[in-house]
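Enquirer:
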Amino acid sequence: EPHQTYAAHDVSRGRYHLCLNIFNELLDFFYRLGYEEEAFHVTDHEVKPGVDVEFTMNPMYSPRGNQGEVVQSVLNAGDQCAITSQPGSGKTIMLMFVMAAMGKRTAVRSMGGYAERWVDACKSYLMMKPEDYVVCCGAAKLYKFIREYREGKHQNFKFIYISNGGPYRDWE
267 EPHQTYAAHD
277 VSRGRYHLCL
287 NIFNELLDFF
297 YRLGYEEEAF
307 HVTDHEVKPG
317 VDVEFTMNPM
327 YSPRGNQGEV
337 VQSVLNAGDQ
347 CAITSQPGSG
357 KTIMLMFVMA
367 AMGKRTAVRS
377 MGGYAERWVD
387 ACKSYLMMKP
397 EDYVVCCGAA
407 KLYKFIREYR
417 EGKHQNFKFI
427 YISNGGPYRD
437 WE
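Position one of the sequence shown corresponds to residue 267 (this note's numbering), numbered consecutively onward.
#1: Quick one: using the 10 Å Cβ neighbour count with 16 as the cut-off for buried, is G300 buried or exposed?
#2: From K419 to G354, what does the alpha carbon distance come to, in whole angstroms?
#3: With DSSP run on the structure shown, which of helix, strand or coil describes I358?
#4: Short check: CB of Y391 to CB of M362, under 7 angstroms?
#5: Please determine, among K410, I412, F423, the residue with the shortest C-alpha to C-alpha distance to K478.
#6: Should V308 go down as buried or exposed, given a rule of 16 or more other Cβ atoms within 10 Å for buried?
#7: Between the alpha carbons of V337 and M360, how many angstroms are there, rounded?
#8: What's the C-alpha gap between Y327 and V319?
#9: Please look up how many angstroms separate the CB atoms of A366 and M323, rounded, as I've assumed it's under 8 angstroms.
#10: Near T358, what residues of its chain come up, given a Cβ to Cβ distance below 7 angstroms and the 5 sequence neighbours on each side ignored?
#11: Can you tell me whether G331 is buried or exposed, with buried defined as 16 or more other CB within 10 angstroms of its CB?
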């Protein structure tokens with residue numbers, strides 16, 4: 267049965283990061299292909315509890331079709347989950363409903379070119395103000411944000427949008 271796999275790798279492609287909701291299934295697949303357990307070095311990192319924030323969902327929006335079921339499924343999935351769906355099905359607004367329900371600081375990492383779209387969605391669906399979100403497009407802006415955050419700035423943001431191809435996993 268075909269599945270979509272969400273993963274990220276470092277520049278050397280020597281290290282891959284996978285969503286937990288497909289990891290065990292992927293390992294089982296490789297074992298069925300004949301790979302031995304020793305062929306994989308698996309590191310399990312503890313997920314730190316998220317920072318509590320308050321999102322206000324714009325009351326003019328409500329889930330449509332099966333979006334409510336998808337949102338509930340994501341909320342039930344635990345620490346990590348990926349939503350796979352066709353373009354135009356409402357993945358962005360579903361994430362906004364999840365963000366509002368969870369009440370945790372949220373990071374979205376995406377390909378370049380989508381920052382304005384995400385900021386507009388945050389403003390419209392979650393009624394965010396400029397001080398509620400951070401946009402880091404490119405490694406230089408991301409590293410500047412990390413440095414400033416460690417210096418005590420930007421402590422109250424609710425959402426960060428990250429768009430870069432470099433190291434992103436070490437931000438706090």
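Note that beta-carbon positions come from the ideal geometry of N, C-alpha and C, so glycine has one too.
Expert: On the basis of the coordinates in this document:
#1: Along the sequence shown, one-based indexing puts residue 300 at 34. So G300 counts as exposed.
#2: In the sequence shown, residue 419 corresponds to position 153, counting from 1. In the sequence shown, residue 354 corresponds to position 88, counting from 1. About 36 angstroms.
#3: Your numbering for residue 358 matches position 92 in the sequence shown. Residue identity check: residue 358 is Thr in the sequence provided, not Ile. In the three-state scheme derived from DSSP, where H, G and I count as helix and E and B as strand, T358 is classed as helix.
#4: Reading the sequence shown from its first residue, position 125 is the one you call residue 391. Reading the sequence shown from its first residue, position 96 is the one you call residue 362. Yes, Cβ-Cβ distance for Y391 and M362 is below 7 angstroms.
#5: Residue 478 lies beyond the range of the chain shown here (267 to 438); nothing can be said about it.
#6: By one-based count along the sequence shown, residue 308 stands at place 42. Exposed.
#7: Residue numbering aside, residue 337 sits at position 71 when the sequence shown is read from its first letter. Residue numbering aside, residue 360 sits at position 94 when the sequence shown is read from its first letter. Roughly 6 angstroms between the two C-alpha positions.
#8: Walking along the sequence shown from the start, residue 327 turns up at place 61. Walking along the sequence shown from the start, residue 319 turns up at place 53. Between Y327 and V319, the C-alpha separation is close to 20 angstroms.
#9: Residue 366 sits at position 100 when you count from the first residue of the sequence shown. Residue 323 sits at position 57 when you count from the first residue of the sequence shown. 4 angstroms between Cβ atoms; contact.
#10: Stepping through the sequence shown from its first residue, residue 358 is reached at position 92. Within the same chain, and ignoring the five residues on either side of T358 in sequence, the residues whose Cβ sits closer than 7 angstroms to its Cβ are A387.
#11: In the sequence shown, the residue the question calls residue 331 occupies position 65. Answer is exposed; the Cβ neighbour count stays below 16.
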